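Just so you know, the sequence shown maps onto residues 1 to 178 in UniProt numbering. Ideal Cβ positions, reconstructed from N, Cα and C, are used throughout, including at glycine. All values derive from a computational prediction rather than experimental measurement. Single-structure report; data block below.
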Amino acid sequence: MSVTKIPGPGANVAICRKARGFSQVALARRAGVSVSLLSKIEVGDRALTQGIAAALAQAMGLTLDELLGTAPVERSDEKSLAALNYAIRRFDIPDTPPTHPEDLPRGLAELNEHRYRTELSAVLQKLPSVLADATNYAHATQSPDAWTRVADVYSVVYWLAARHRWMHLAELAVMKQR
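Below you can see the structure in the form of C-alpha cells.
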C-alpha cells in the first residue's frame, strides 16, 4: 500500500519557488518579506498567514490556491463537496424550509461532534443538508436565532475548507457569515 504525501503550505511555497527559479533572497525581496521569515515558513517553523501567502503568490505570479495547494478530495466525498458548493451558492435563493425545524439544533450538534473528532469525511457528508436546512429556515422565519445558526454552520464550512486548503470555500464561508 502506498501513501501519497501532500506537502504542507510552507513546503508548497518552497516547491513553487524552486519551480519558478527564485532563490529565497529574490522571492523574499520581491514579496517584501524577510529571508528569515520565508525560510522559516518553508520548513514549517512559522505559520504561513493569508497576508504573507498573498504577497508570495503575487510575487511568483500565482493564485493563492496554486501557492497553497489543496488536499485531494476522496472519490467517495466528491458528491458531498459538489452538494456543499451548491448549497453555498444558493445562499440567497430560498427553498422549502425543513419540515422539522426542531431538528436543526441536533443536526448542528452532530456536525460539531464530527468536527471535534476531526472526522472530515463525516463533516463533509452532513454539511450540505445541515447548511441548506438552516439557510432555508432562516429565510422562512427571518429570526435572528435562525440566522445565528446559519453563521454557526458557516463556521464549520470555514473549518473544513481551511483543513483542505479550499480557499475559495473558506472565503465564501467568511462572506456568508456576515
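query, result
"Boundaries (first-last residue) of the alpha helix (DSSP H) holding Asp35", "Correcting the residue identity first, residue 35 is Val in this sequence and not Asp. Where Val35 is concerned, the enclosing alpha helix (DSSP H) stretches over Val35 to Val43."
"Three-state class that DSSP yields for Leu62 in the structure shown", "coil"
"C-alpha distance - Thr4 paired with Val73, whole-angstrom precision", "Note on Thr4: pLDDT 48, under 50, position unreliable in the model; the coordinate value appears next. Spanning the two alpha carbons is a distance of roughly 13 Å."
"Asp92 in three-state terms, based on DSSP", "coil"
"Closest residue to Leu104 among Ala54, Asp92 and Ala132 (Cα-Cα distance)", "Ala132"
"Glu110: first and last residue of the uninterrupted alpha helix (DSSP H) it sits in", "Leu104 to Tyr116"
"N- and C-terminal bounds of the alpha helix (DSSP H) containing Gly10", "Pro9 to Ala19"
"9 Å Cβ cutoff met for Gln58 and Leu38", "no"
"For Val156 and Asn112, the rounded distance between their alpha carbons", "7 Å"
"Beta-carbon proximity of Glu42 to Gly69, cut-off 9 Å", "no"
"Selection from Arg163, Ala83, Asp95 and Leu67 that minimises the alpha carbon distance to Tyr116", "Arg163"
"Cβ neighbour criterion (16 or more within 10 Å) applied to His114", "buried"
"Limits of the alpha helix (DSSP H) - the one that Gln125 falls within", "Leu120 to Thr141"
"Spatial distance of Ser2 from Ala71 (CA atoms)", "For Ser2, the predicted model reports a pLDDT of 39, less than 50, meaning its position is unreliable and no value from the coordinates is stated."
"Own chain residues within Cβ distance below 7 Å of Leu172, not counting five before or after", "Ile88"
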